[in-house]
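Undergrad: Input: one structure, supplied below.
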Ligand SMILES: Nc1ncnc2c1ncn2[C@@H]1O[C@H](COP(=O)(O)OP(=O)(O)OP(=O)(O)O)[C@@H](O)[C@H]1O
Ligand SMILES: [Mg+2]
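Residue numbers (this note's numbering), protein chains in the order written: chain P, 396 to 642; chain G, 283 to 575.
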């Protein structure tokens with residue numbers, strides 16, 4: 396469904412992505428793990444058209460989308476839940492969700508259909524419905540994360556890109572959010588690319604994973620295998636460090 | 283000092299203040315959508331008046347037809363300005379934008395001078411000029427027109443920003459550009475929109491004030507500055523705070539001119555501008571960043 400071929404992205408002179416290749420099949424959950432500054436966010440932003448690649452090719456459903464602007468990418472069915480949630484803080488929860496469907500309004504889609512999808516988001520995250528009139532900026536981190544996901548879903552994406560949704564959240568909230576991702580894949584067949592530093596939780600949820608280090612993919616494989624990989628254990632599954640050392 | 287005199291100054295101050303408010307909201311809308319202080323804003327105010335004159339005298343249209351034509355023409359000028367001067371900028375750094383908007387304003391003023399000469403021109407009032415007396419003070423029907431049209435525009439503006447998807451999208455751009463792009467809002471389109479709305483509002487301000495103050499190729503300079511001052515008092519809000527800022531400035535100016543000396547009229551705006559910038563740069567009612575619209 397999505398394929399990156401030898402993608403290179405620069406910030407000025409900083410070479411952030413070096414020949415990155417990866418792919419996702421329809422209905423897969425794939426995770427991308429790596430330390431701070433590895434280039435995870437850059438990959439998502441390159442896919443979304445925010446920081447376009449200088450070399451390489453991105454195919455979505457076999458069509459080249461390498462040079463597409465962010466709004467074209469959304470129109471094609473790829474939505475991003477950005478790092479740090481980035482909700483529109485002075486707007487209400489409901490307005491945030493409505494704006495997620497901005498392109499559907501512009502395409503004159505019926506208000507009833509859009510409203511129905513707002514209700515679907517409320518079913519996924521009942522807490523958002525309780526707070527629909529509240530300003531997004533006054534909600535807790537977990538609620539803002541739910542809103543950011545809900546906003547992305549309002550565009551009816553086929554592929555959802557999530558950038559560290561678990562960041563700074565309590566384990567219970569992370570569980571709730573990951574449960575919803577699972578549900579989205581099961582019920583809507585949504586394909587998911589999940590960037591995480593919480594490698595353990597991400598590998599548990601995902602089918603496959605990629606490990607990124609200083610802009611390069613250094614490892615890839617089924618999630619279960621990565622979880623057993625000594626290198627991954629050492630670098631990303633912090634808690635297992637002691638186990639390895641003791642052996 | 284008598285009550286009716288105070289009332290007189292306040293009433294006329296309110297109506298010029300309403301004009302400043304409209305111009306100030308124009309500044310704020312562009313600033314919020316783009317981060318640009320559009321120093322050419324005053325020129326669209328001038329264009330409103332001058333285009334009205336053009337349609338009235340050259341094309342011999344009646345006033346009711348000349349006004350919408352003039353608003354449309356000024357709005358097209360605003361669109362062209364964004365397309366030709368702002369959008370092509372390779373490196374839209376703040377200093378480049380300041381230079382380009384100041385350059386644009388000089389260009390527009392120069393072209394207007396070539397087209398219409400240096401004379402000041404009168405535009406007829408919308409409904410006669412028989413004074414109306416209110417509790418000992420007298421005002422002209424045009425003052426009422428100004429107040430009524432300003433109130434209408436402020437409400438339409440509010441409706442647009444709070445109850446339409448396009449208005450909400452524009453607010454979203456001002457709060458978080460990156461996220462706005464990621465939900466599919468074409469930020470550049472919103473920038474164009476902000477120039478369209480601002481130039482239309484500026485033109486309306488220029489048209490409704492012209493019957494009172496006359497119009498000429500260079501009225502945009504002072505009116506632009508007063509509008510900017512209103513926006514600064516209002517903390518660059520495109521809502522009520524700037525309206526209050528404009529009214530406050532209008533009334534203070536009128537009282538200052540009436541009670542002290544009319545020579546101080548323009549100085550008052552400068553003094554307020556400097557005071558606010560030094561003491562409360564977030565505006566008189568500002569809670570710092572966040573809610574600006
Ligand atoms: N706007 C920018 N300008 C210059 N360099 C940047 C910019 N954004 C990121 N970089 C650099 O690109 C590299 C990759 O950054 P990126 O944000 O993609 O990492 P990340 O894996 O998402 O990290 P984190 O886990 O901290 O979010 C880093 O070395 C970073 O310093
Ligand atoms: Mg990141």
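Using N, Cα and C, we set each Cβ at its ideal position, and we do this for glycine too.
Does DSSP put residue 497 of chain P in a helix, a strand or coil?
TA: helix
Undergrad: Going along chain P in order, which residues have a C-beta closer than 8 Å to the C-beta of residue 460 of chain G?
TA: Within chain P, the residues near residue 460 of chain G are 445, 477 and 481.
Undergrad: From residue 290 of chain G to residue 328 of chain G, what distance separates their C-alpha atoms?
TA: When the Cα atoms are used, residue 290 of chain G and residue 328 of chain G turn out to be separated by approximately 27 Å.
Undergrad: From what residue to what residue does the beta strand (DSSP E) around residue 599 of chain P run?
TA: That residue, residue 599 of chain P, is in no beta strand (DSSP E); its alpha helix (DSSP H) goes 594 to 600.
Undergrad: Cβ of residue 451 of chain P versus every heavy atom of ligand 1: is any distance shorter than 6 Å?
TA: In terms of side-chain proximity, the C-beta atom of residue 451 of chain P is found no nearer than 6 Å to any non-hydrogen atom of ligand 1.
Undergrad: For a contact meaning CB atoms closer than 8 Å, what does residue 442 of chain G contact in chain P?
TA: Residues of chain P passing the Cβ test: none, with the nearest at roughly 14 Å.
Undergrad: Mind checking whether the beta-carbon of residue 615 of chain P lies closer than 6 Å to any heavy atom of ligand 2?
TA: no
Undergrad: State the DSSP-derived secondary structure class of residue 637 of chain P, mapped to helix, strand or coil.
TA: The predicted model places residue 637 of chain P with a pLDDT of 48, which falls under 50 and marks its position as unreliable; any figure quoted below should be read in that light. DSSP places residue 637 of chain P in helix when its eight states are reduced to three.
Undergrad: For the region 479 to 510 of chain P, list every residue whose C-beta sits within 7 Å of some C-beta in chain G, in sequence order.
TA: 481, 483, 484, 485, 486, 490, 493, 494, 495, 497, 498 and 500
Undergrad: Does the distance from the CB of residue 524 of chain G to the CB of residue 317 of chain G come in under 7 Å?
TA: no
Undergrad: Alpha carbon to alpha carbon, how far is residue 364 of chain G from residue 414 of chain G? Give it in angstroms, no decimals.
TA: The alpha-carbon atoms of residue 414 of chain G and residue 364 of chain G are separated by roughly 42 Å.
Undergrad: Cα-Cα, which of P:405, P:419 and P:428 is closest to residue 598 of chain P?
TA: P:428
Undergrad: For a cutoff of 7 Å on Cβ pairs, would you count residue 469 of chain P as touching chain G?
TA: yes
Undergrad: What residues in the region 454 to 468 of chain P have a beta carbon less than 9 Å from any beta carbon of chain G?
TA: 464, 465, 466, 467 and 468
Undergrad: Helix, strand or coil for residue 444 of chain G per DSSP?
TA: helix
Undergrad: Residue range of the beta strand (DSSP E) that residue 409 of chain P falls in?
TA: 409 to 419
Undergrad: Assuming residue 403 of chain P is part of the beta strand (DSSP E), what are its boundary residues?
TA: 397 to 406
Undergrad: Assign residue 617 of chain P to one of three DSSP states: helix, strand, or coil.
TA: Residue state, collapsed to three classes: strand.
Undergrad: Shortest alpha-carbon distance to residue 400 of chain G belongs to which of G:548, G:501, G:564 and G:480?
TA: G:501
Undergrad: Whole angstroms are fine: how far does the CA of residue 619 of chain P sit from the CA of residue 637 of chain P?
TA: Here the model assigns residue 637 of chain P a pLDDT of 48, short of 50, so the residue's position is not dependable and the matter cannot be decided.
Undergrad: Among residues of its own chain, excluding the 5 on either side of residue 486 of chain G, which ones have a beta-carbon nearer than 8 Å to its beta-carbon?
TA: 304, 330, 353, 431 and 435
Undergrad: Helix, strand or coil for residue 356 of chain G, going by three-state DSSP, please let me know.
TA: helix
Undergrad: Who does residue 604 of chain P pair with in a DSSP beta bridge?
TA: P:426 and P:616
Undergrad: Could you spell out where the alpha helix (DSSP H) holding residue 286 of chain G opens and where it closes?
TA: 285 to 316
Undergrad: In chain P, what lies closer than 8 Å to residue 453 of chain G by C-beta?
TA: 483, 485 and 486
Undergrad: Provide the residue span of the beta strand (DSSP E) that contains residue 455 of chain P, from first to last.
TA: 450 to 455
Undergrad: Taking beta-carbon pairs under 7 Å, can you tell me which members of the region 456 to 480 of chain G lie near chain P?
TA: The region 456 to 480 of chain G vs chain P, Cβ under 7 Å: 457, 458, 460, 461, 463, 464, 465, 466, 467 and 468.
Undergrad: Measure the C-alpha to C-alpha separation of residue 235 of chain G and residue 477 of chain G and round it to an integer number of angstroms.
TA: Outside the displayed span of chain G (283 to 575) sits residue 235 of chain G, for which this structure offers no information.
Undergrad: Across the region 550 to 564 of chain P and the region 572 to 583 of chain P, are there enough close Cβ pairs to call them in contact, namely three or more that are closer than 8 Å?
TA: yes
Undergrad: Quick check: what's the CA-CA separation for residue 449 of chain P versus residue 406 of chain G?
TA: 60 Å
Undergrad: Return helix, strand or coil for residue 538 of chain P, following the three-state DSSP convention.
TA: helix
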